[in-house]
Amino acid sequence: MNKKKLHVKTGDTVKVIAGDERGKTGRVIAVNIEKQRVTIEGLNMVTKHQKPSASNPQGGINKVEAPIHASNVALVDPKSGEATKTARRKNSEGKTERYSKKTGEVI
């Protein structure tokens, strides 16, 4: 299967544009290309119940970040601080680079 690249990558600052977390911003900590989902630091928290084990004899209930579909997030332009669409183009050396559709600057 041909893996498509996403418009965001690990470390990017994104703004959620749809869903329960709409309007919030955060940093991408994980990207799943196969499922087209991104995990954002501190957003979309879900409760996970952990069974007691040898390494964790207490067990307990933990809050963890759940992934959000990549179509529901927009990249935040580091210079302007606004959400922007991105595109790809080749630079003078022939390498692919991402750029902002609003400003035309390389991200």
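Going by full-length UniProt numbering, the sequence shown opens with residue 1, and the numbers climb by one from there. Note that the Cβ used here is the ideal one computed from N, Cα and C, for glycine as well. Since the structure is predicted, the reported quantities are computational estimates derived from the model, not experimental observations.
- About 5 Å separates the Cβ atoms of Gly42 and Gly26, confirming a contact at the 8 Å cut-off.
- The beta-bridge partner set that DSSP reports for Thr84 consists of Leu75.
- Listed in chain order, the beta strand (DSSP E) elements of length 3 or more contained wholly in the stretch 10 to 69 are 13 to 16, 25 to 32, 37 to 40, 45 to 50 and 60 to 65.
- Nearest to Lys101 by alpha-carbon distance, out of Ser55, Ser71, Ala83 and Lys15, is Ala83.
- The alpha-carbon separation between Glu21 and Thr10 amounts to approximately 19 Å.
- Glu93 carries a coil assignment under DSSP once its states are collapsed to helix, strand and coil.
- Asn91 is classed as exposed because its beta carbon has fewer than 16 other beta carbons within 10 Å across all chains shown.
- Between Val73 and Lys15, the C-beta spacing is below 8 Å.
- When secondary structure is reduced to three states using DSSP, Val8 falls in the coil class, being assigned neither helix nor strand.
- Taking 8 Å as the upper bound for CB-CB distance, Arg37 and Ile17 are not in contact here, some 15 Å apart.
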